[in-house]
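In full-length UniProt numbering, the protein residues as written are 1 to 421.
Even for Gly, the Cβ is constructed at its ideal location relative to N, Cα and C.
The model shown is predicted, which means the values in this text are computed figures rather than measured ones.
So, in structure tokens, the structure goes:
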């Protein structure tokens with residue numbers, strides 16, 4: 001009788017458990033399993049060899065060529081190297097942001113190598129062309145021992161990137177770098193409801209207007225400025241930067257603009273310096289316009305009322321003093337409100353993130369209220385402060401307008417508004 005065909009290892013295992021296989025069939029199953037295991041090992045070895053061929057730098061020249069090609073092609077995320085990742089409170093650019101910058105490597109040619117007598121170190125000289133010309137640069141490389149056969153690799157040694165230390169008076173979730181939005185993240189001291197890092201008040205000498213220190217350290221004052229006036233928010237981010245130029249803007253932040261664009265930062269080859277950048281953010285024309293529109297809508301709604309004391313609006317002083325009774329007042333008419341020019345001031349004391357802005361209350365609005373009492377025409381000229389508050393992270397804005405609360409502090413706010421648009 002011909003034994004049935006074993007169609008799968010599972011069928012074989014089932015028949016072994018049931019004792020249905022002969023010795024010959026058991027030996028056949030074992031041979032098949034051995035050949036399968038050998039084939040898998042062989043395939044894994046081939047894949048490892050192929051991976052090593054393309055991913056591992058077997059020579060010093062390959063290490064330098066790969067690094068310079070990453071700079072030339074704008075591959076930021078691999079170009080900064082593994083050591084750049086995992087640094088606390090560090091933000092990273094995208095490949096697109098780096099590739100869009102000027103001053104990057106355009107072409108290169110390897111022209112020499114020394115240190116041939118050393119086992120683990122070499123120096124490779126390359127002619128590197130950028131927009132500024134062609135320069136000879138010597139890059140050190142080192143041999144990295146890795147477990148396993150054929151896994152040793154050469155890597156560029158020394159600094160592969162500088163560090164952009166970006167500071168601002170507003171905590172924003174991103175900033176424009178080379179015209180591309182770069183997402184920012186903050187320190188590891190804690191996370192608040194906003195999703196951004198918790199910061200602490202610590203006065204430091206040499207800060208403009210005092211300071212709010214971020215978890216990453218001090219934000220120095222601009223040259224020539226002395227501490228004076230109210231404290232201002234200070235936020236700081238760190239971004240690894242490959243060789244090239246970095247220009248800054250407010251892409252992705254429609255509610256903020258720059259009072260003055262900082263000059264581009266230039267990072268050179270083998271540059272591990274800290275490059276400090278200050279982003280003087282202020283309300284953008286959109287923030288001004290939308291806040292101004294909310295104020296106009298509020299005033300128009302108050303002026304359209306037929307009551308002497310509409311809710312949330314200026315109201316009759318005579319009615320409040322009890323000089324007249326409500327049922328005595330007839331034919332109420334509100335004149336066209338007059339209001340001061342809008343001036344947005346940063347409320348750093350109330351919001352250490354610097355994202356809260358309020359309309360200055362130093363100048364007040366005015367409106368004429370006319371009505372009749374027992375057929376006699378009367379009028380009142382009412383003056384009132386306008387409370388307009390904007391809370392904006394730059395991407396969105398929450399705007400509230402109305403009269404200030406009676407217990408609200410009238411302390412002056414820090415003027416970070418800049419010139420009106």
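On a Cα-Cα basis, can you pick out the residue from 70, 359, 125, 85 that is closest to residue 106?
When each option's Cα is compared against that of residue 106, the closest is 70.
Using CA coordinates, which residue listed in 316, 272, 102, 136 is at the minimum distance from residue 368?
Nearest C-alpha to residue 368: 316.
Is there a Cβ from chain B that is less than 7 Å from the Cβ of residue 279?
Of the chains in the structure shown, none is chain B; there is only one protein chain.
Helix, strand or coil for residue 62 per DSSP?
Residue 62: helix per DSSP, three-state reduction.
Beta strand (DSSP E) containing residue 182: first to last residue?
180-183 is the extent of the beta strand (DSSP E) around residue 182.
Run of the beta strand (DSSP E) containing residue 292, from where it starts to where it stops
Counting along the chain, residue 292 falls outside any beta strand (DSSP E), though it belongs to the alpha helix (DSSP H) covering 285-303.
Option in 128, 397, 382 with minimal Cα separation from residue 389
Cα-wise, what sits closest to residue 389 is 397.
Between the C-alpha atoms of residue 289 and residue 404, what's the straight-line distance to the nearest angstrom?
Their backbone Cα atoms lie some 21 Å apart in a straight line.
Close-in-space but distant-in-sequence residues of the same chain around residue 193 (CB under 6 Å, 5 per side omitted)
Residue confidence for residue 193 is low, a pLDDT of 31 falling below 50, so the modelled location carries little weight and cannot support an answer.
Classification of residue 238 by the beta-carbon crowding that lies within 10 angstroms, buried from 16 upward
Per the 10 Å Cβ criterion, buried.
Using the rule of at least 16 other Cβ atoms within 10 Å of the residue's Cβ for burial, across every protein chain shown, is residue 93 buried or exposed?
That one is buried.
Would you grab the beta carbon distance between residue 68 and residue 169 for me? Rounded to a whole angstrom, and I think it's under 8 Å.
Their Cβ separation, rounded to whole angstroms, is 38 Å, which puts residue 68 and residue 169 out of contact at 8 Å.
Are there 16 or more other CB atoms within 10 angstroms of the CB of residue 201, so buried, or fewer, so exposed?
Because the pLDDT at residue 201 is just 33, under 50, the model does not fix this residue reliably, and the point stays unresolved.
Which class does residue 99 belong to by DSSP, given the choice of helix, strand or coil?
Three-state result, residue 99: helix.
Go to residue 78, then tell me how far its alpha helix (DSSP H) extends in each direction, as first and last residue.
First-last of the alpha helix (DSSP H) with residue 78: 76-79.
One question on the structure: do residue 141 and residue 63 come within less than 7 Å of each other, judged by their Cβ atoms?
Yes, they are a contact pair.
Buried or exposed: where does residue 358 fall if 16 or more other Cβ atoms within 10 Å of its Cβ makes it buried?
Result: buried.
In angstroms with no decimal places, state the Cα-to-Cα distance between residue 243 and residue 314.
Residue 243 and residue 314: Cα-Cα distance of roughly 60 Å.
Using C-beta distances below 6 Å, list every residue in its chain close to residue 340, excluding the 5 sequence neighbours before and after it, in chain order.
Contacts found: 363.
Are the beta-carbon atoms belonging to residue 361 and residue 385 less than 7 Å from one another?
Residue 385 sits close to residue 361, with the two beta carbons spaced by under 7 Å.
So who's on the other strand from residue 113, going by DSSP bridges?
Under DSSP, residue 113 shares a beta bridge with 124.
Cβ neighbours of residue 269 in the same chain (closer than 6 Å, five flanking residues each side left out):
Taking C-beta separations shorter than 6 Å and ignoring five residues to either side along the sequence, the partners of residue 269 in its chain run 137, 243, following chain order.
Going by the CB atoms, is the gap between residue 91 and residue 185 shorter than 7 Å?
Cβ atoms of residue 185 and residue 91: closer than 7 Å.
Ordered list of alpha helix (DSSP H) runs contained in the stretch 302-381, each at least 4 residues:
317-321, all fully within the stretch 302-381.
Checking the sheet assignment: what are the DSSP bridge partners for residue 154?
DSSP output for residue 154 lists 143 as bridge partner(s).
Same chain only: Cβ atoms within 6 Å of residue 271, ignoring 5 sequence neighbours per side:
By the criterion of a C-beta distance shorter than 6 Å, residue 271 is surrounded in its chain by 162, once the five residues flanking it on both sides are discounted.
Would you say residue 343 touches the ligand ADP, meaning its beta carbon is less than 6 Å from a heavy atom?
The ligand content of the structure shown is nil, which means the ligand ADP is not present either.
Tell me whether residue 282 sits in a helix, a strand or coil according to DSSP, three-state version.
In the structure shown, residue 282 adopts extended strand secondary structure according to DSSP, grouped into three states.
Near residue 115, what residues of its chain come up, given a Cβ to Cβ distance below 8 Å and the 5 sequence neighbours on each side ignored?
The answer, listed in chain order, is 121, 122, 123.
Please name the residue, chosen from 157, 108, 125, 156, that lies closest to residue 133 on a Cα-to-Cα basis.
Of the listed residues, the one whose Cα sits closest to residue 133 is 108.
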